[in-house]
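Engineer:
Numbering (our numbering), first residue to last: 27 to 345.
1. Short check: CB of residue 253 to CB of residue 343, under 8 Å?
2. For the candidate residues 208, 179, 56, 172, whose alpha-carbon lies nearest to that of residue 158?
3. Residues in its own chain within less than 6 Å of residue 54 by CB, not counting five upstream and five downstream?
4. Looking only at C-alpha atoms, which of 256, 144, 220 sits nearest to residue 33?
5. Can you tell me whether residue 51 is buried or exposed, with buried defined as 16 or more other CB within 10 angstroms of its CB?
6. Less than 8 Å between the beta carbons of residue 95 and residue 129, yes or no?
7. Quick one: Cα of residue 261 to Cα of residue 303, how far?
8. Classify residue 67 as buried or exposed, calling it buried when 16 or more other Cβ atoms lie within 10 Å of its own Cβ.
9. Quick check: what's the CA-CA separation for residue 141 versus residue 337?
10. At 4 residues or longer, what runs of the alpha helix (DSSP H) sit wholly inside the segment 95-133?
11. Please report how far the alpha carbon of residue 297 lies from the alpha carbon of residue 42, in whole angstroms.
12. According to DSSP, residue 55 sits in a beta bridge with which residue or residues?
13. Could you check which residue in 117, 89, 290, 271 has the C-alpha nearest to that of residue 231?
14. So is residue 146 in contact with chain C if we call contact Cβ pairs under 8 Å?
15. Which first and last residues belong to the beta strand (DSSP E) in which residue 204 is found?
16. Going by beta-carbon coordinates alone, are residue 313 and residue 269 separated by less than 8 Å?
17. Out of 72, 256, 113, 193, state which residue places its alpha-carbon closest to the alpha-carbon of residue 166.
18. Buried or exposed, going by whether 16 or more other CB atoms sit within 10 Å of the CB of residue 198?
19. Is the beta carbon of residue 206 within less than 7 Å of some heavy atom of the ligand NAD?
20. Where residue 309 and residue 332 are concerned, what is the direct C-alpha to C-alpha distance, given to the nearest angstrom?
21. Nearest to residue 222 by alpha carbon, out of 274, 108, 39, 89?
22. Within a Cβ cutoff of 7 Å, which residues of the same chain sit near residue 191, ignoring the five residues on either side of it in sequence?
23. Leaving out five residues before and five after residue 330 in sequence, what residues of the same chain have Cβ atoms less than 8 Å from its Cβ?
24. Might you give, ordered along the chain, the residues of its own chain that have their beta carbon closer than 7 Å to the beta carbon of residue 37, omitting 5 neighbours on each side?
25. I'd like the span of the alpha helix (DSSP H) that includes residue 213, first residue to last.
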């Protein structure tokens, strides 16, 4: 495996039907040409991703939206105009230019324009868009730097385009449309409150189907290999638990107890943006240690805190 900042080398691998890892502002992605069915199926295979789970297509600019969709609602166009490039994915009716294997044979496609200079430079020198789900095995923690990707896929992909640490550290927010009105499919790096300032109130998708409408909708996701527990009453839990080697993942506070061997604060300044950026990197670091479990508490239920709580709940085990 080669790790490099050479965009032309990344281009060469993609044009040779290879899968590579690329940086975005959210997390690193496993990228391939959307028109190369063999490469796309290899992404599903090495990620162990269900074929029913559609992929996000990365395009170079909002001006390409009309090529890959049709009948996009006015509010979708407004969101693209306002937030692209950026950590927002839009799920829209797909045009004939989107192969059915990209969208899990649905009539919609998930699209976004990444806000990462190297990713955009790469897209602008390619003649095709890129499918790029997060560069981790399904249900594991998403990678936010090249070394994380190497740890997951060193023997399975030939090349990582190294764009440094991801600025956002959480996946994109996903918005779909029902009756031309926006609906939230996945919480992410762009706060819902910020989106609502542009388009008004957004409904939340109640996913009762076993087949997801968009990427990132499965209930168990984003999990470290060490058990993670969300604790309401720390004092009672620590008194009663038989676990003796715990990592405490916190917003900005330490908790001193013999059973807590280390505290990992996501933001000493109580900054939710910083906490979101540090979440996955910290979980991957903790996962490399020999703790019995990770314990944490929910974050403030606002802005990026909503997305952090969503990821913690999906990564957690029941007590």
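Where a beta carbon is used, it is the ideal one built from N, C-alpha and C, also for glycine.
Structural biologist: The relevant details are as follows:
1. Locating residue 253 in the chain shown gives position 227, counting from the first residue. Locating residue 343 in the chain shown gives position 317, counting from the first residue. Yes, the pair counts as a contact, with Cβ atoms nearer than the cut-off.
2. By one-based count along the chain shown, residue 158 stands at place 132. Checked all of 208, 179, 56, 172; the closest Cα to residue 158 is 56.
3. Taking the first residue of the chain shown as 1, we reach residue 54 at position 28. 47, 161, 169, 175.
4. Counting from 1 along the chain shown, the entry for residue 33 is found at position 7. It is 144 whose Cα lies nearest to the Cα of residue 33.
5. In the chain shown, counting from the first residue as 1, residue 51 sits at position 25. Taking all protein chains shown into account, residue 51 has 16 or more neighbouring C-beta atoms within 10 Å of its C-beta and is therefore buried.
6. In the chain shown, residue 95 corresponds to position 69, counting from 1. In the chain shown, residue 129 corresponds to position 103, counting from 1. Contact: no.
7. In the chain shown, the residue the question calls residue 261 occupies position 235. In the chain shown, the residue the question calls residue 303 occupies position 277. A direct Cα-Cα distance of roughly 28 Å separates residue 261 from residue 303.
8. If you number the chain shown from 1, residue 67 lands on position 41. It counts as exposed.
9. In the chain shown, residue 141 corresponds to position 115, counting from 1. In the chain shown, residue 337 corresponds to position 311, counting from 1. When rounded, the distance between both Cα atoms is 22 Å.
10. DSSP runs (the alpha helix (DSSP H)) wholly in the segment 95-133: 100-109.
11. In the chain shown, residue 297 corresponds to position 271, counting from 1. In the chain shown, residue 42 corresponds to position 16, counting from 1. So the alpha carbons of these two residues sit roughly 43 Å apart.
12. Numbered from its first residue, the chain shown carries residue 55 at position 29. Bridge partners of residue 55: 48, 160.
13. Within the chain shown, residue 231 is the residue found at index 205, counting from 1. The shortest C-alpha separation from residue 231 is found at 117.
14. The chain inventory of the structure shown lacks chain C, comprising one protein chain alone.
15. Translated into positions along the chain shown, residue 204 becomes position 178. Counting along the chain, the unbroken beta strand (DSSP E) around residue 204 starts and ends at 199-204.
16. In the chain shown, counting from the first residue as 1, residue 313 sits at position 287. In the chain shown, counting from the first residue as 1, residue 269 sits at position 243. At the C-beta level, residue 313 and residue 269 stay beyond 8 Å of one another.
17. Here residue 166 is taken as the residue at index 140 of the chain shown, counted from 1. Closest by alpha carbon: 72.
18. Indexing the chain shown from 1 puts residue 198 at position 172. Burial call: buried.
19. Because no ligand of any kind appears in the structure shown, any question about the ligand NAD cannot be addressed here.
20. On the chain shown, residue 309 is found 283 positions in, with the first residue counted as 1. On the chain shown, residue 332 is found 306 positions in, with the first residue counted as 1. Those two C-alpha atoms are separated by around 18 Å.
21. Mapped onto the chain shown, residue 222 falls at position 196. Measuring from the Cα of residue 222, the nearest candidate turns out to be 108.
22. What you label residue 191 is simply residue 165 of the chain shown in a count that begins at 1. Counting only Cβ-Cβ distances below 7 Å, and skipping sequence neighbours, we find 170, 171.
23. On the chain shown, residue 330 is found 304 positions in, with the first residue counted as 1. Answer for residue 330: 196, 215, 217, 298, 299, 301, 302, listed in chain order.
24. In the chain shown, residue 37 corresponds to position 11, counting from 1. Taken in chain order, the residues that qualify are 148, 151, 152.
25. Residue numbering aside, residue 213 sits at position 187 when the chain shown is read from its first letter. Unbroken run through residue 213: none, as it is neither H nor E.
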